[in-house]
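Each protein sequence line maps, in turn, to chains A and B.
Each residue of the first sequence is one higher than the one before, starting from 1 at the first, in this note's numbering.
Each residue of the second sequence is one higher than the one before, starting from 1001 at the first, in this note's numbering.
All residues carry an ideal CB built from backbone N, CA and C; glycine is no exception.
Note sheet for the following structure.
Number of protein chains: 2
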Amino acid sequence: MVSPHNTNGTTPTKPVAHVRYELITLGDELLLGLTPNGHLTFIGAQLGRHGALLTRNVTITDEADAIAEQFRESWTRADVVITTGGLGPTCDDRTRDAIAAALGQKLVRDPAIVQHIEDRFAAFGRKMTDNNLKQADRFERGEVLPNANGTAPGLWVEQDGKVLIMLPGPPNELQPMFTNQVVPQLAKRGLLSAGEAYVQLRTAGVGESLLETRLQPVFDRYGETLSVAFCAHTGAVDCRLSSPSGKFSHVELEAIAAECAALLGEDFVCFGHDTLARICANLIRAQEKRIAVAETATGGKLAQAFTEVCGACKFFAGGVVCCTNDTKTQLLDVPESLLIQHSAVSEEAAVAMATGAAETLGADFALAVTGFAGEATGHGSNPIGTIFIGLFSPGGVWAKKLSYPGPRSTVKVRAVNAALDWLRRELLRLQRGDTITDRRSNVMR
Amino acid sequence: MVSPHNTNGTTPTKPVAHVRYELITLGDELLLGLTPNGHLTFIGAQLGRHGALLTRNVTITDEADAIAEQFRESWTRADVVITTGGLGPTCDDRTRDAIAAALGQKLVRDPAIVQHIEDRFAAFGRKMTDNNLKQADRFERGEVLPNANGTAPGLWVEQDGKVLIMLPGPPNELQPMFTNQVVPQLAKRGLLSAGEAYVQLRTAGVGESLLETRLQPVFDRYGETLSVAFCAHTGAVDCRLSSPSGKFSHVELEAIAAECAALLGEDFVCFGHDTLARICANLIRAQEKRIAVAETATGGKLAQAFTEVCGACKFFAGGVVCCTNDTKTQLLDVPESLLIQHSAVSEEAAVAMATGAAETLGADFALAVTGFAGEATGHGSNPIGTIFIGLFSPGGVWAKKLSYPGPRSTVKVRAVNAALDWLRRELLRLQRGDTITDRRSNVMR
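Structure, rendered in structure tokens:
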């Protein structure tokens, strides 16, 4: 059982893992598919990392009746209700009024919030229009969560032995408000704990069903009280272990996860949430080396995977996104004759691009991706979905051909993940000191 | 009112806009924030483009009881229930069993599906493990939606005058299944129409509240039966017009939207869903020119924005992602002395990078982004969030300084959108034939 980290001395009525959290995300733009529901991703992850599980997320329209109805339903069922969106200045922002009515509370205009909004407009040199004023309304019996990055503050209400948290929709306003204000307040009330709710193993290169079959002997030893879940990403599968009954402690779950990792060998990537790019980055930095990339089919996605990692400048030499043969020749020194003889989508081109990227960008490692991601018609034996990856390392330079079904966006993500996973395996082999012969045979499998 | 496009001759009981669609997305990984809920985005958009509105999306855990309970609730309320996920091979895939029990239906193993799964494993040269077999179970009274890109097929049930559609979780399997099978089947039953449910205007460079204030005179002329909604993205705001009461036809909504667009001038980007990059791409292609990019702070995101556009090779010359001064000097011919004198984060560096990108990549236009996106500590008068954008065009080369609050990921998206919007305005001015003096004064505002 997750032990609640209770900083104010009172005992919470439930263990944190059994506190019922519901999230109501408001906005027609979510239901119309115009904006991804990033609040679910962010808030779900934040709660999970503090030992709590979001039990339900409901997305509904901006209509006042729908908001009130859904709020009443969630308020009856949950211990903590979080709402996002609908606190803004425009006519379709109706959350504050609808929920105040449902709770039987009055809204009062807060002069301090009015001042904050006026100051904010003044700071940006813009005129405040009158529709902004309703953002200064707060619950008569409730707290205000100041908004450092926008006009509408968050609202916090405790009533009926439950907690209501209302947050503004823009992610750059919501996220710091949640991390800096909501998490500490919930922890203080014993509604969050210090540890995660589960242990996650990240794997690459193994399909979901085979992964389960390979790990089943471990799971069988611990019986049905061990809860196991799989999540397949494009080219990677995560396996999560948890113990809803509380039979296994977090430390015991970690030990079981370590058994699984040992069984998987090199197909095990990491515990937790690190990206393949970050794992590669750690290995490259440990070897005091640098990497460069050259890409056509992935159009900048591979460079971006590396630059998303904090401190990227320390290990990422740079990248070239090339669409034309001229670019490959001019920036990467790929011989024009090679491109004519073998075509730009070939093992030879991938090898030349990787080598060129390492040399022109002064890097020790380089990845190159070329192929038909789905836009072109493909070519003879290389139909759409054909990708060539080139890998340059201190141990040699290789290319391999891969073939992916599915739409262009999927092919791109798979190509990026395959490239990163290949690099990861090569870095592990260099770290172990495998000979080139070992490495070559492994690499080409 | 949206008129239903009914191809089989029978009259549907409701207009399409009033058919209640509910989406149940299954998977602890969604609630734990490990995977974004892309199914909501995709299915919501698909329905919206066919005149239907998703009224509710509920995300719940993989537990059989939770699935059955939520399904019963949605089945009572909705006309069409769509579920995603939980049809796979592993132990946490429980949707099929739970819903069969709730519907009082038996599951039968379908030999044709077994064959499909075996063939698929054989084609990839992998051994089929036994846990895969349960994916071949289908409802006794229901149809199968074949899965061209995976093992688990979709399921289609009509019962109690309602439709149930169960889809597999992986997006590359779900999406073609939805587009090619589900949409035509729903249209055939009069549950989808040919037109969109709303008209959308995309704007850039204006805040949400100011946009509403500027458009209010138009809205006022049409009264409260015109439904207006705003959605702020990072650096762009969308405005959607719809008519839930059916008072305004789609053609009338388009005319109202055109009035709004005229009022907004250059701040109006487009009708519909085109990205800023696509709008720029259309303008560049119309002028038979090409663009290149050079980026540090956005780390590949700007190149990716252009390469996401279909046919990118026709207008996108390429991009350089540079982390070090060496890269800027070597690949972009930025003088080392300039970087030493003015620093790599300066207007001078942005101008030199844009010029270098255009020249080395042989492009007519170039965008450059340099700055402190949030990782570094910033520098003197240029704190974190300071971004310099350089724009090279046949009319000249300029740079401007911008400053964004918020986390690194937000700063990056804002920088990309600001760069694209600046390019868009410059392309419009060139198209109109403004003089350099006009353009210069506009650009620097």
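- In chain order, G207 and L210 make up the part of chain A whose C-beta sits under 8 Å from the C-beta of B/R1126.
- At a C-beta separation below 9 Å, A/V58 has these neighbours in chain B: R1056, N1057, V1058 and T1059.
- Annotation note: the segment 149-196 of chain A contains the following uninterrupted alpha helix (DSSP H) runs of length 4 or greater, listed N- to C-terminal: 171-177 and 183-188.
- For A/C280, the number of other beta carbons within 10 angstroms of its own is at least 16, and it is reported as buried.
- DSSP links B/F1271 through a beta bridge to B/L1201.
- Collapsing the DSSP output to three states places B/H1250 in a helix.
- Burial state of A/D65 is exposed, judged by a 10 Å Cβ sphere holding fewer than 16 other Cβ atoms.
- Flagged as an interface residue toward chain B: A/P36, by a C-beta distance shorter than 7 Å.
- Per the C-alpha coordinates, the member of B/A1312, B/L1191, B/R1138 and B/T1296 positioned closest to B/K1289 is B/A1312.
- Each residue's CA atom was taken as its position, placing B/V1108 and B/M1128 some 20 Å apart.
- B/C1310 sits exposed, since fewer than 16 C-beta atoms from the chains shown fall within 10 Å of its C-beta.
- In this structure, A/A136 lies away from A/A98, with their beta-carbon atoms at least 7 Å apart.
- For B/D1130 against A/A229, the beta-carbon gap comes to about 19 Å, at or over 8 Å, which does not count as contact.
- In the three-state reduction of the DSSP assignment, A/F219 falls in the helix class, which pools H, G and I.
- In the DSSP assignment, B/R1056 falls within the beta strand (DSSP E) that extends over L1054 to I1060.
- Among the bridge pairs identified by DSSP, B/T1084 is matched with B/T1025 and B/L1167.
- Within the same chain, and ignoring the five residues on either side of B/A1373 in sequence, the residues whose Cβ sits closer than 6 Å to its Cβ are A1297, R1408, V1411 and K1412.
- Judged by their CB atoms, B/E1208 and B/V1237 are nearer to each other than the 7 Å cut-off.
- Listed along chain B, the residues sitting closer than 7 Å to A/G48 by beta-carbon distance are L1032 and G1033.
- Interface criterion met: the Cβ of B/P1405 is under 7 Å from a Cβ in chain A.
- Secondary structure of A/F372 (DSSP, three-state): coil.
- Between the segment 1169-1176 of chain B and the segment 1197-1205 of chain B there are fewer than three C-beta pairs closer than 8 Å, too few to call the two in contact.
- With the rule of 3 Cβ pairs closer than 8 Å, the segment 1036-1043 of chain B counts as touching the segment 23-39 of chain A.
- For A/C310, no beta strand (DSSP E) run applies, since DSSP gives it neither H nor E.
- Taking every protein chain shown into account, the CB of A/D119 has fewer than 16 other CB atoms within 10 angstroms, so this residue is exposed.
- In this structure, DSSP gives B/F1124 a state outside helix and strand, which the three-state scheme calls coil.
- In this structure the segment 417-436 of chain A lies against the segment 272-286 of chain A, because at least three pairs of beta carbons, one per stretch, are closer than 8 Å.
- Listed along chain B, no residue sits closer than 8 Å to A/D267 by beta-carbon distance, the nearest being about 14 Å off.
- DSSP, read as helix, strand or coil, puts B/V1334 in coil.
- Taking a contact to require three or more Cβ pairs closer than 8 Å, the segment 1336-1347 of chain B and the segment 325-341 of chain A do not qualify as touching.
- A Cβ of chain B is located within less than 7 Å of the beta carbon of A/Q304.
- Those residues of the segment 86-120 of chain A placed with their C-beta closer than 9 Å to a C-beta in chain B are G88, P89, T90, C91, D92 and D93, ordered along the chain.
- Of all residues in the segment 1161-1175 of chain B, only G1169, P1170, P1171, N1172, E1173 and Q1175 place a beta-carbon less than 9 Å from a beta-carbon of chain A.
- In the pairwise beta carbon analysis, the segment 159-169 of chain A is classified as touching the segment 68-80 of chain A: at least three pairs are separated by under 8 Å.
- Separation of the CB atoms of B/S1193 and B/V1016 is rounded to 4 Å, and the pair is thereby assigned contact status at 8 Å.
- One thing to note: B/A1152 has its Cβ within 7 Å of the Cβ of B/G1088.
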